[in-house]
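Note that my numbering gives residue 117 to position 96 of the sequence shown, counting from 1, and the numbers run on in steps of one.
Just so you know, even glycine gets a beta-carbon here, dropped at the ideal spot from N, CA and C.
As structure tokens, the structure follows; a few thoughts come after it.
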Amino acid sequence: MHNVIIAGTINSVNAIPKGMELLLQGKSALDAVEETIKIVEDNPNDWSVGSGGLPNLLGEVELDASIMDGKTLKTGAVAGLKKYKNPISIARQVMEQTPHALLVGEGADQFASVLCFEETELLSENASDIHQDFLSGKSLVNKPYDAEETMKKKECYFKIFQRLVQEKKMMEWYTKYAKENHGTVNIIAKDMNGDICCGVSTSGLSFKLPGRTGDSPIIGAGNYADNRYGAAACIGVGEIAIRLSLARIAVYEMSKGKTAEEAAILAIETIKDLGEDAGFLTILVMDKEGHTVSAANFEFSIFHQERMHFWIADSLNPIPTKRECLYVDTTTEKEGEGYHR
Ligand code: GLY
């Protein structure tokens with residue numbers, strides 16, 4: 022019988038106990054990952070995942086998610102889901118009920134409808150207000166918003182928006198903006214059978230161009246799991262993780278004998294290959310034994326206003342414990358031996 026482990030990104034702290042409970046009951050890593058991510062997706066105060074997530078430029082919330090089973094290498098993903106609040110569950114159904122790996126847009130919504138998932142309005146009042154303010158460039162500061170605890174985040178978002186809107190150049194604007202406006206949940210779990218599962222869910226880049234899809238539903242980019250070596254998942258600028266196949270790099274490095282820490286650092290170091298295009302990314306890596314680390318090329322989370330960290334729980338310590346991410350400087354030139362070099 023294996024020690025059970027579950028690890029997740031900053032925004033998963035209140036959800037991890039549910040995943041841990043399931044793992045301790047002997048449930049599969051797949052169940053633990055799905056149920057843990059659903060809790061984050063259902064949190065209306067999380068503006069980057071599930072219902073309550075910030076919308077695209079047109080004010081429509083578009084959700085992306087993926088799940089990968091490390092035992093079978095089966096995977097399911099959805100992108101641009103507009104009517105259903107738990108994309109991770111629909112991604113799992115894509116994996117289990119279809120021969121496909123990814124459903125997008127209307128097709129993903131239709132699939133959820135056929136499976137009798139309940140339709141939900143994904144745009145919350147808060148998210149709609151922020152979208153309106155974003156479009157008009159109005160100040161948030163004197164608006165009577167309801168939830169006091171989210172006020173800090175709103176001010177933070179708005180300051181970024183204001184600065185970016187003032188630049189007025191779309192390409193430049195999105196390029197810069199994209200570096201700062203991503204939020205995602207990553208969960209990796211290992212169950213009593215030693216099976217590993219990795220799940221990722223996001224509402225993507227806030228105020229993105231409609232149809233824009235990041236790394237979260239792209240297997241190899243934002244998510245990868247293989248029982249033989251381990252698993253990895255990303256948060257940050259999805260376009261960069263797609264261009265580098267970042268999650269796959271970390272798992273590949275572990276397949277070549279690197280530790281989880283070495284694999285995470287090597288993956289983040291490949292961001293240097295993109296030169297000036299480089300953006301902010303964090304990778305969460307678990308090896309086949311359950312050793313887990315996270316590495317990032319930035320030190321502080323602007324949304325959570327604290328050092329980048331992740332949460333981990335296991336059979337011996339079932340209460341989530343906070344661990345700091347390893348910081349990797351990708352701004353200075355240094356000879357590396359990363360995958361692309
Ligand atoms: N990493 C999430 C996204 O770029 O959509």
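Inset, instruction - Check alanine 148 in the structure and name its three-state DSSP category. - result: In the structure shown, alanine 148 sits in a helix (DSSP, three-state: H, G or I).
Inset, instruction - Kindly identify the DSSP beta-bridge partner or partners of valine 99. - result: In DSSP, valine 99 forms a bridge with Ala86 and Leu124.
Legend entry - Bridge-paired residues (DSSP) for lysine 211: Lysine 211 has Ile26 and Ile217 as its beta-bridge partners, per DSSP.
Inset, instruction - For histidine 121, verify whether its CB is less than 7 Å away from any heavy atom of the ligand GLY. - result: Checking every heavy atom of the ligand GLY against the Cβ of histidine 121, none is found closer than 7 Å.
Inset, instruction - Report yes or no: do three or more beta-carbon pairs, one from the segment 87 to 106 and one from the segment 130 to 147, lie closer than 8 Å? - result: Touching, yes.
Legend entry - Cβ neighbour criterion (16 or more within 10 Å) applied to glycine 243: With 16 or more other Cβ atoms within 10 Å, it is buried.
Legend entry - Beta-carbon spacing of isoleucine 239, valine 54 below 8 Å: Not closer than 8 Å, so no.
Inset, instruction - Compute the minimum distance between the beta carbon of leucine 84 and the heavy atoms of the ligand GLY, and state whether it is under 7 Å. - result: Result no, Cβ not under 7 Å from the ligand GLY.
Legend entry - Rounded C-alpha distance that separates proline 38 from lysine 211: Cα atoms of proline 38 and lysine 211: separation of roughly 14 Å, rounded to the nearest angstrom.
Inset, instruction - Could you tell me whether any non-hydrogen atom of the ligand GLY is closer than 7 Å to the CB of leucine 226? - result: Leucine 226: yes, Cβ under 7 Å from the ligand GLY.
Inset, instruction - Check whether the Cβ of lysine 343 lies closer than 8 Å to any Cβ atom in chain B. - result: In summary, chain B is missing from the structure at hand, where a single protein chain is found.
Inset, instruction - Grab me the residues of cysteine 346's own chain with a C-beta within less than 7 Å of its C-beta, minus the 5 sequence neighbours each way, in chain order. - result: Here the set comprises Thr303, Ser315, Ala316, Ala317, Met329, His330 and Phe331.
Inset, instruction - Give the single residue among Lys277, Thr223 and Asp247 whose Cα lies nearest to the Cα of threonine 30. - result: Nearest option by C-alpha distance: Thr223.
Inset, instruction - Kindly indicate which three-state DSSP category tyrosine 105 falls into: helix, strand or coil? - result: Residue state for tyrosine 105 is assigned as coil, using DSSP reduced to three classes.
Legend entry - Enclosing alpha helix (DSSP H) for glutamate 42 [first to last residue]: For glutamate 42, the enclosing alpha helix (DSSP H) covers residues 37 to 45.
Inset, instruction - Would you kindly work out how many angstroms separate the C-alpha atoms of arginine 269 and valine 306, rounded to a whole number? - result: Looking at the two C-alpha atoms, the distance is approximately 11 Å.
Inset, instruction - Ignore the nearest five residues each way along the sequence and tell me which others in alanine 98's own chain have a CB closer than 7 Å to its CB. - result: Here the set comprises Ala86, Ser87, Ala112, Val115, Ala122, Leu123, Pro238 and Ile240.
Legend entry - Cβ neighbour criterion (16 or more within 10 Å) applied to serine 134: Exposed, since its Cβ has fewer than 16 Cβ neighbours within 10 Å.
Legend entry - Integer-rounded CB distance, given that lysine 309 should sit under 8 Å from asparagine 214: No, asparagine 214 and lysine 309 are not in contact; Cβ-Cβ is about 12 Å, not under 8 Å.
Inset, instruction - Look at the Cβ atom of glycine 257, then the Cβ atom of histidine 203, and state whether they are nearer than 8 Å. - result: Cβ atoms of glycine 257 and histidine 203: closer than 8 Å.
Inset, instruction - Return yes when the C-beta of aspartate 236 is under 7 Å from any heavy atom of the ligand GLY, and no when it is not. - result: Distance from the C-beta of aspartate 236 to the nearest heavy atom of the ligand GLY is below 7 Å.
Inset, instruction - To the nearest angstrom, report how far apart serine 69 and serine 276 are at their CA atoms. - result: Approximately 32 Å, taken between the alpha carbons.
Inset, instruction - Using 7 Å as the cut-off, classify the Cβ of threonine 223 as near or not near the heavy atoms of the ligand GLY, replying yes or no. - result: Yes.
Legend entry - Close-in-space but distant-in-sequence residues of the same chain around serine 160 (CB under 6 Å, 5 per side omitted): Caution is warranted here: a pLDDT of 43 is assigned to serine 160, below 50, making its placement in the model unreliable, and no coordinate value can be reported.
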